[in-house]
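Residue numbers (this note's numbering): 11 to 341. To start, the structure itself, in structure tokens.
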Amino acid sequence: MSDYQKLVEKARSAAALAQNTEELSGARTDFLGKKSVLSEAKKQLGLLPEGERAAAGRDLNEIRKLIEETFTDRETAIQDEIWGLQFEAERLDISERLESLRRGHLHLITQARDHLEDVFVGMGFTVAEGPEVETAWYNFEALNIPDWHPARGNFDTIFVDLGDPEEVMLRSHTSPVQVRTMEKHEPPIYIVAPGRTFRTDSADATHLPAFNQIEGLVVDNGITMGDLAGTIDSFVQAFFGSEVKSRLRPSYFPFTEPSAEFDISRPDGSWLELGGCGMVHPNVLLNCGIDPEEWQGFAFGFGIDRLVAMRYGLDDIRELVINDARFLRQF
Ligand code: PHE
């Protein structure tokens with residue numbers, strides 16, 4: 011039995027010495043193969059007296075099991091080493107990719123839109139929404155622009171090939187949300203409606219065919235042009251800071267009367283045209299089932315993209331949509 015014990019120990023050190031699978035299988039054959047001490051001993055079993063054979067056979071099997079385990083364990087260890095080396099050799103340096111996968115942030119336009127909403131919500135407005143695909147009723151007719159009206163030509167509308175000709179379109183301004191809001195809600199109404207708008211303009215440094223506007227609508231008792239001017243002034247100061255001034259210039263829109271264009275002052279003293287506004291035209295109130303004798307309102311609408319371009323001093327508005335990460339990352 012002590013000879014067997016020695017055999018197991020020898021097998022262990024032989025297995026430990028084997029550096030690769032070939033060496034290991036050589037050693038394995040030495041200890042477990044046909045010509046091994048163990049196999050020889052098994053052949054000799056028959057020479058033992060009958061009463062001892064069974065016990066000796068069990069011992070031999072036990073030893074064989076131990077030696078087999080030794081080689082299996084070593085084989086697993088060698089395989090792990092090989093894989094480890096392989097992983098090391100095939101490892102990729104992905105640190106550069108991780109760099110470009112770093113956490114992103116909201117787009118400049120979305121940031122501005124959120125900020126605008128915050129400013130108006132702080133002034134008591136709620137946020138409304140409408141669809142980007144509109145019918146002629148919401149985009150034009152209810153806004154006091156019948157189909158013969160020359161103002162339709164000012165809107166460079168993109169029509170959708172659906173229903174009657176020029177009946178369905180991508181909204182050319184956010185003013186249809188005024189109508190949708192007044193149809194659904196009784197005054198008093200204080201809403202802003204930011205969203206995407208579309209015109210046939212080709213993209214250049216100051217135009218985008220898909221752009222963003224924010225609409226404002228107030229309908230209440232005794233609302234005047236003074237409330238409109240004050241609201242625009244407060245908003246401009248809250249958004250840009252107290253050094254920026256606003257002014258109104260007489261203008262024309264079919265859905266407001268009187269109408270004005272509003273500008274904000276640039277640091278160099280010049281004025282930037284931001285949007286249009288005015289007192290809601292009585293016909294628009296009537297179209298939405300609101301009595302103009304009882305209620306008055308004002309509305310305004312302006313481009314968010316332009317406002318962003320002005321705030322960040324962009325000289326080409328197209329920067330906002332070409333998705334160059336080097337540009338976007340700055341904000
Ligand atoms: N909808 C107008 C435009 O897109 C702006 C506007 C809104 C004017 C509300 C007056 C009142 O040009």
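Glycine included, C-beta positions come from ideal geometry on N, C-alpha and C. Predicted, not measured: the structure shown is a model, and the values here were computed from it.
- Scanning its chain for C-beta atoms nearer than 8 Å, with the 5 sequence neighbours on each side dropped, one finds around residue 118 the residues 318, 322, 330, 338, 341, in chain order.
- No heavy atom of the ligand PHE is found nearer than 6 Å to the CB of residue 217.
- Residue 97 counts as exposed, since fewer than 16 other beta carbons sit within 10 angstroms of its beta carbon.
- Here residue 313 carries a strand assignment [DSSP, helix/strand/coil].
- Distance from the CA of residue 256 to the CA of residue 271, rounded to the nearest whole angstrom, comes to 10 Å.
- About 6 Å separates the Cβ atoms of residue 168 and residue 210, confirming a contact at the 8 Å cut-off.
- It is roughly 11 Å from the alpha-carbon of residue 308 to the alpha-carbon of residue 242.
- Look at residue 186 here: in three-state DSSP terms it is helix.
- Residue environment analysis places residue 175 among the exposed positions, since fewer than 16 neighbouring C-beta atoms fall within 10 angstroms of its C-beta.
- Here DSSP, grouped into helix, strand and coil, assigns residue 306 to strand.
- By the Cβ neighbour-count rule, residue 222 is buried, with 16 or more other Cβ atoms within 10 Å of its own.
- Residue environment: residue 269 is assigned as buried (16 or more neighbouring CB atoms within 10 Å of its CB, all protein chains considered).
- Collapsing the DSSP output to three states places residue 217 in a strand.
- Taken atom to atom, the span from the alpha-carbon of residue 34 to that of residue 54 is near 27 Å.
- For the pair residue 163 and residue 204, the Cα-to-Cα distance works out to about 23 Å.
- Boundaries of the beta strand (DSSP E) around residue 281: 281-290.
- The closest heavy atom of the ligand PHE lies 6 Å or more from the beta carbon of residue 130.
- Each residue's CA atom was taken as its position, placing residue 313 and residue 224 some 7 Å apart.
- In this structure, the ligand PHE has no non-hydrogen atom nearer than 6 Å to the beta-carbon of residue 234.
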